[in-house]
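Input: a single structure, listed below in structure tokens.
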Amino acid sequence: MTTATSIVSKSAIVAFLMSFREWKKYHFILFILNYLHYYWAASKPTLFYQKTPITQHLLNNCSLLVEKYHPTWYLFNGHLQTLFLALGNRFPVVQYRREHVHLTDGGLVSLDWAVPPTMDDVLRQHNHPTVLLLHGHCGGSWENYMRNAADKLLHEGWRVVVMNARGCSKTPVLTARIFNGADTGDIREVVAHLRRKHVPSAPLLAVGFSLGSNLLVKYLGQEGERCPLNAAVSVGNPFDAMEIYRHLNDSAMTYHVYYRAMTKKFLKLFFEESNVHEHIADKHPTVDMCAMKECSFMWDVDHLMTLKVFGYKSVSEYYRDCSSTPYIQHVRIPLLCLSAKDDPVCVHSAIPIDDCLANDKIVLAITDRGGHLGFFTGNNVFSYPETWSSHVVAQFCNAVVDAVSSDEVIAVQETHETKLRPHGSAMDTKASAERPPAPPVTSMSPSRMQPPMSPLRIQPGFHDPVIDEVVLCDGVPMHQVFSVGAAFAGAYLVYSKMDHVVGRWWWC
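In this text, residue positions in the sequence shown follow this note's numbering: the first is 647, and each later residue adds one.
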């Protein structure tokens, strides 16, 4: 009986696998699963904000923030969203022109200007609205999430520039310093450079992702009323570095997969993709390079190198300095913060909801799903998903430019009351309600948005004297190709929270 059952089971498996040769027969089943998930997983972002003229205008013009976010049907949790972003290979192709910016301490960062479609002189237009993009940990303009945002903003008519941190994205290293998770000095110099040379009067906005968003929010708080930016967006912000460290040590999945991946990525950048290790070895001979190569986690790297290079007494002190939460109260320009509850890296408990709610310039939007920087959406069974966050960023930027010269928004007189709005319901927060009224909203710039551009079509050989290098960012090849059965099996394991079992088995 057992043998017969085994034969039948094996035959069933073979028949099941063979059936994928005729996968089109399963269109109807996939169609049903897709739309069941469409209604089951969709939910509106939870919004935290104070009701002021500017926040009301921004929300009125950001329809995606008040509508349901529909995650892609087969990316139904944070792990799958995050992995798909890392492994996917069908993201927009964006061509950049590189400009090197020399910093006051002798260091160097690079600015990659996204080449706009069919407009040879747009990079020279100082009155054109511009968005500065800041990448995450060891990233650059080539990252999938960066190209998604750049492509969407280009098609909305924006001039887009990506700041590559020291040593990142093949940026030459000239000093014994690599990018620092707590140092906002480089961002400050880049923004000043843009205001002085490229965007003297037009709207200048910034969008940060992951570690880049954390640095951006800290910079905004440090600048306060003097901030030269008109508005900003923070996507997937870790906010509290110590809380993130504790979270990454909570389970085998986060500890052995995400934390190890972050460390491996940094060490590859440090030793293989840049020459920063040579500069640091010369200036800081006490840094043990051999021990660094054997590190498995960023805490060990920071203990061996960061403390000595940047002068911190402990890793805990460095992580506290990396956190942007203490600076949120000092942000004085419109700021949109996007986070996901199921983010496997930047855990939900690190989001400073009360601090954001207490600031009348901030709108905090938290989705139920989205993963770390994923936010994939799309209700078509077979089409490649889009990123919901890139559309939200574009809507927000357009709304800011509209508000810049909108007399209606400036003239609106409303009672400034604190409001917590989870899915349409209102809850009052007494402490925030007692805050004094916010100052009147003033015009930030007389410039208006230019008409949308046509799709990206660049002629070879196009050159701008300001830019000294051309960088083409296309799709990153996938390291693995999953069968449908394997994908669903892996998804089931992740969805069933088998991360402890899988993690321990994998790394034994």
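For every residue, glycine included, the Cβ atom is placed at its ideal position computed from N, Cα and C.
Query                                                                                                                                                                         : Result
Mind checking whether V837 and P874 have CB atoms under 7 Å apart?                                                                                                            : yes
Taking 7 Å as the cut-off, decide whether the C-beta atoms of Y973 and G867 are in contact.                                                                                   : yes
For the putative contact between D1014 and D1048, defined by C-beta atoms under 8 Å, what is the C-beta separation to the nearest angstrom?                                   : D1014 to D1048, Cβ: 29 Å. No contact.
So if DSSP puts P717 in a beta bridge, which residue, or which two residues, is it bridged to?                                                                                : T1023
State the CB to CB distance for the pair V977 and K954, rounded to an integer number of angstroms; the pair is presumed to be in contact (CB under 8 Å).                      : Actually they are not in contact, since the Cβ atoms of V977 and K954 sit about 32 Å apart, beyond 8 Å.
Give the straight-line distance between the Cα atoms of K959 and P818, rounded to the nearest whole angstrom.                                                                 : 29 Å
Considering L840, what are the terminal residues of the beta strand (DSSP E) in which it resides?                                                                             : Element bounds for L840: n/a, residue is neither H nor E.
Exposed or buried, A907, counting other C-beta atoms within 10 Å across all chains shown (16 or more means buried)?                                                           : exposed
Measuring CB to CB, does H746 end up less than 7 Å from S756?                                                                                                                 : yes
What first and last residue would you give for the alpha helix (DSSP H) that runs through Q696?                                                                               : Q696 -> not in any alpha helix (DSSP H); beta strand (DSSP E) instead, spanning 692–697.
Use the C-beta contact count for S1093: other C-beta atoms within 10 angstroms, 16 or more gives buried, fewer gives exposed.                                                 : Confidence in S1093 is poor, its pLDDT being 32 and thus under 50, which makes the residue's placement unreliable; the coordinate value appears in the next sentence. S1093 comes out buried.
On the DSSP bridge list, what partners appear for E1032?                                                                                                                      : T1023
Under DSSP, the alpha helix (DSSP H) around L631 begins and ends at which residues?                                                                                           : For the chain, the structure presents residues 647 to 1154; residue 631 sits outside this window and is missing.
Thinking just about the alpha-carbon of each residue, which of A887, A848, L840 is nearest to the one in L861?                                                                : A887
Which two residues bound the contiguous alpha helix (DSSP H) that contains F912?                                                                                              : 906–914
Sorted by chain position, which residues of the same chain lie with C-beta nearer than 6 Å to G854's C-beta, five sequence neighbours on each side aside?                     : L780, L862, S880
State the start and end residues of the unbroken alpha helix (DSSP H) segment that holds E924.                                                                                : 922–929
Are the Cβ atoms of P691 and A1011 separated by less than 7 Å?                                                                                                                : yes
Taking 6 Å as the limit between beta carbons, can you name the residues of its chain near Y605, skipping five residues before and five after?                                 : Coverage of the chain is limited to positions 647 through 1154, which leaves residue 605 absent and any answer about it impossible.
Mind checking who I1012 pairs with in its DSSP beta bridge?                                                                                                                   : T692, S985
So, at 6 Å on beta carbons, what are the nonlocal neighbours of R793 in its own chain, with the 5 sequence-adjacent residues on each side left out?                           : F737, P738, V740, C1119
Assuming T776 is part of the beta strand (DSSP E), what are its boundary residues?                                                                                            : 776–780
Indicate whether the contact test is met: 3 or more Cβ pairs, each with one atom in the segment 708–728 and one in the segment 999–1007, closer than 8 Å.                     : no
Using three-state DSSP, classify P1068 as helix, strand or coil.                                                                                                              : Since pLDDT at P1068 reaches only 37, below the 50 mark, its modelled position is unreliable, and the value read off the structure follows with that caveat. Correct three-state label for P1068: coil.
Leaving aside the five residues before and after R1067 along the sequence, list all residues of the same chain whose C-beta is less than 6 Å from its C-beta, in chain order. : For R1067, the predicted model reports a pLDDT of 36, less than 50, meaning its position is unreliable; a value from the coordinates is still stated below. Around R1067: L693.
Within a Cβ cutoff of 7 Å, which residues of the same chain sit near P980, ignoring the five residues on either side of it in sequence?                                       : I700, L704, A877, K1007, V1046
In this structure, how does DSSP classify E745 when only helix, strand and coil are distinguished?                                                                            : strand
Pick out whichever of V993, D797, G734 has its Cα sitting closest to the Cα of V761.                                                                                          : D797
Measuring alpha carbon to alpha carbon, tell me which residue in E924, G803, N826 is nearest L820.                                                                            : E924
G831 and S859 look like a contact to me (Cβ under 8 Å); what is the Cβ gap, rounded to whole Å?                                                                               : Not really, about 17 Å apart at Cβ, beyond 8 Å.
Is D988 close to the ligand FAD? I mean its beta-carbon at under 6 Å from any heavy atom of the ligand.                                                                       : As presented, the structure is devoid of all ligands, the ligand FAD included, so that no description of it is given.
Does the Cβ of Y695 have 16 or more other Cβ atoms within 10 Å, making it buried, or fewer, making it exposed?                                                                : buried
Return the Cβ separation of I890 and C992 in integer angstroms, given the expectation that the two are a contact with Cβ distance under 8 Å.                                  : 6 Å
Going by beta carbon distance, what residues of the same chain come within less than 7 Å of T971, once the five residues before and after it are set aside?                   : F885, D886, P998, D1001
Grab the span of the alpha helix (DSSP H) containing R872 for me, first residue to last.                                                                                      : Note, R872: premise wrong, no alpha helix (DSSP H); not H, not E.
On a CA-only basis, which of F730, H994, E940, G1020 is nearest R892? Give me that one, please.                                                                               : H994
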